[in-house]
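This report concerns only the one structure given below.
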Amino acid sequence: MKLLDINEAVGHVICHDITRIVRGVEKGVAFKKGHVVQREDIEPLLSLGKRTLYVWENNADMLHENEAAEALYFLCGNTHISRSEVKEGKIDLFADVDGVLKLEMDSLNEINQLGEMIIATRHTNYPVKKGDKLAGMRVIPLVIEKRKIAAALNIGASAGQPLFRIKPYRQLSAAVVTTGGEVYHGRIKDTFSEVIFAKLAQFKCDIVGHAIVDDSLEMIHKAMNDFSAADIIICTGGMSVDPDDLTPTAIREYGADIVTYGAPVLPGAMFLLAYKGGQTVMGLPSCVMYAQTTVFDLMLPRVIAGDIISKKEVRSLWHGGLCLTCSECRYPECSFGKGA
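Numbered as in our numbering, the sequence shown ends at 342 without a single skipped number.
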């Protein structure tokens with residue numbers, strides 16, 4: 003910073019907010035930090051008692067906050083993402099499509115550890131809608147050393163891919179296999195499938211089949227084979243560890259590679275995830291039928307977006323995996339499914 007006579011400050015950048023206070027009438031910022039002084043600003047500044055100003059001094063080793071924010075945006079910008087104008091060293095990011103937000107967590111953590119700059123985001127794997135704010139990035143001081151921004155750019159380059167991505171939802175087909183002798187023989191009404199259909203409808207899935215089968219490996223196999231062309235098969239019923247609960251065995255014998263049978267999520271501990279070629283198979287515990295938000299709500303958006311979910315990812319859901327069953331569900335605007 004350097005101190006200039008007010009008449010010499012035209013064209014220079016103000017280094018701090020300048021406040022106007024009129025007793026009983028006004029108290030606020032008259033000129034914001036970062037404002038470029040214009041000739042017409044001289045009289046208003048003089049009326050505020052400013053005969054001199056601290057302004058930014060050009061320095062080859064420093065960047066103005068707005069230039070530095072643009073460099074941070076270079077790291078984070080990507081297709082399906084729009085941005086705000088830069089203002090006071092800050093740029094916001096917004097979703098241009100419905101999909102799942104993916105972040106390069108390690109790289110973003112390294113950048114935030116550098117200091118004097120921040121990138122604050124939603125959680126990774128967060129389901130977003132078009133227009134949702136994804137992140138805000140800003141530079142804290144008015145000027146920042148170029149070497150710090152260069153360090154951030156190097157971290158981003160070493161990541162090998164953009165730090166922000168949105169995976170848009172795909173148009174997929176789905177089939178549902180409902181298992182249970184009590185439903186198959188008409189002793190009780192199938193109320194589970196309507197819940198599944200409603201959740202799939204949120205993602206515009208094409209329902210290509212629904213089979214209600216008895217507690218029989220052969221019948222479950224046949225139903226799954228009948229739906230082998232579907233992108234997703236969802237199995238309900240028979241998912242516990244009781245001896246007569248056959249669905250996990252049937253999925254295994256169908257030839258699907260089981261990623262996990264069990265997830266550290268409540269409700270949803272007995273969730274099963276498997277893949278067979280390009281097909282996703284999910285076995286849903288009974289809680290999905292009556293609980294408003296479960297492990298299924300965490301997994302389904304990622305499946306629709308095309309994620310291949312690993313066992314490690316599922317087993318890491320313990321942190322944030324407890325639904326608080328609020329009287330008014332606010333998911334996904336809550337802690338459920340949000341890790342560190």
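Virtual Cβ for every residue (Gly too), placed ideally from N, Cα, C.
Just so we're clear, the structure is a prediction, and the values are computed from it rather than from any experiment.
Candidates the options, of which the one nearest residue i by Cα
i, options, result
"Glu274", "Lys52, Met284, Gly280, Val267", "Going by the sequence as given, residue 274 is Leu instead of Glu. Among Lys52, Met284, Gly280, Val267, the Cα nearest to that of Leu274 belongs to Met284."
"Leu268", "Met241, Cys78, Asp217, Cys325", "Cys325"
"Val316", "Met272, Cys336, Phe76", "Met272"
"Tyr75", "Gly257, Gly158, Ile190, Gln281", "Gly158"
"Gly308", "Pro129, Arg172, Phe229", "Arg172"
"Cys331", "Asp299, Ile310, Lys313", "Asp299"
"Val305", "Ser318, Thr282, Leu286", "Thr282"
"Ala225", "Ala203, Leu116, Ala252, Glu118", "Ala252"
"Val2", "His18, Ile20, Thr54, Asp19", "Because the chain here runs from 3 to 342, residue 2 falls outside it and cannot be looked at."
"Ala32", "Ser288, Thr21, Glu42", "Thr21"
"Ala258", "Tyr277, Val290, Ala265", "Tyr277"
"Glu184", "Val197, Asp216, Gly51", "Asp216"
"Asp218", "Pro287, Asp247, Val261, Met291", "Correcting the residue type first, residue 218 is Ser in the shown sequence and not Asp. Checking every option, the nearest Cα to that of Ser218 belongs to Asp247."
"Ala293", "Val197, Glu72, Gln163", "Val197"
"Met291", "Arg124, Asn114, Cys237, Gln40", "Cys237"
"Gln115", "Pro334, Ser318, Ala153", "Ala153"
CB of residue i within 8 Å of CB of residue j, strictly
i, j, result
"Val24", "Val38", "no"
"Thr81", "Leu103", "no"
"Glu67", "Glu87", "no"
"Ile209", "Ala176", "yes"
"Glu112", "Pro143", "no"
"Asp94", "Gly133", "no"
"Phe96", "Leu155", "no"
"Gly239", "Thr296", "no"
"His212", "Tyr256", "no"
"Leu110", "Leu174", "no"
"Ile151", "Ala70", "yes"
"Arg140", "Lys92", "yes"
"Trp320", "Pro250", "no"
"Met64", "Glu147", "yes"
Where residue i falls, given that 16 or more other Cβ within 10 Å makes a residue buried
i, result
"Phe338", "buried"
"Asp233", "buried"
"Val27", "exposed"
"Cys2", "Examination of residue 2 is not possible in this model, given that the chain is present from 3 through 342 alone."
"Glu106", "buried"
"Pro129", "buried"
"Ala62", "exposed"
"Asp108", "exposed"
"Leu5", "exposed"
"Ala122", "exposed"
"Asp7", "exposed"
"Glu42", "exposed"
"Pro287", "buried"
"Gly51", "exposed"
"Gly270", "buried"
Backbone CA spacing between residue i and residue j [nearest angstrom]
i, j, result
"Ser49", "Glu10", "17 Å"
"Met221", "His187", "14 Å"
"Thr193", "Asp100", "29 Å"
"Leu302", "Ser195", "15 Å"
"Val178", "Ile235", "6 Å"
"Ile311", "Ile168", "16 Å"
"Pro170", "Ile83", "11 Å"
"Asn227", "Lys191", "25 Å"
"Gly323", "Tyr56", "51 Å"
"Thr262", "Cys78", "33 Å"
"Val145", "Lys34", "15 Å"
"Ile214", "Ile120", "53 Å"
"Cys336", "Met3", "43 Å"
"Ile44", "Asp19", "15 Å"
"Lys29", "Lys131", "38 Å"
"Asp98", "Pro46", "41 Å"
Residues bridged to residue i (per DSSP)
i, result
"Val215", "Thr181"
"Met119", "Val141"
"Gln281", "Lys278"
"Cys345", "Only positions 3 to 342 of the chain appear in the structure, and residue 345 is not among them; the question remains open."
"Ala176", "Ile209, Ile234"
"Met64", "Glu147"
"Leu50", "Beta-bridge pairing links Leu50 to no other residue."
"Ala258", "None; Ala258 has no bridge partner."
"Ser84", "Phe96"
"Ile168", "Leu103"
beta-carbon residue i near the ligand ADP non-hydrogen atom, thresh 7 Å
i, result
"Lys278", "This structure does not include the ligand ADP; it has no bound ligands of any sort."
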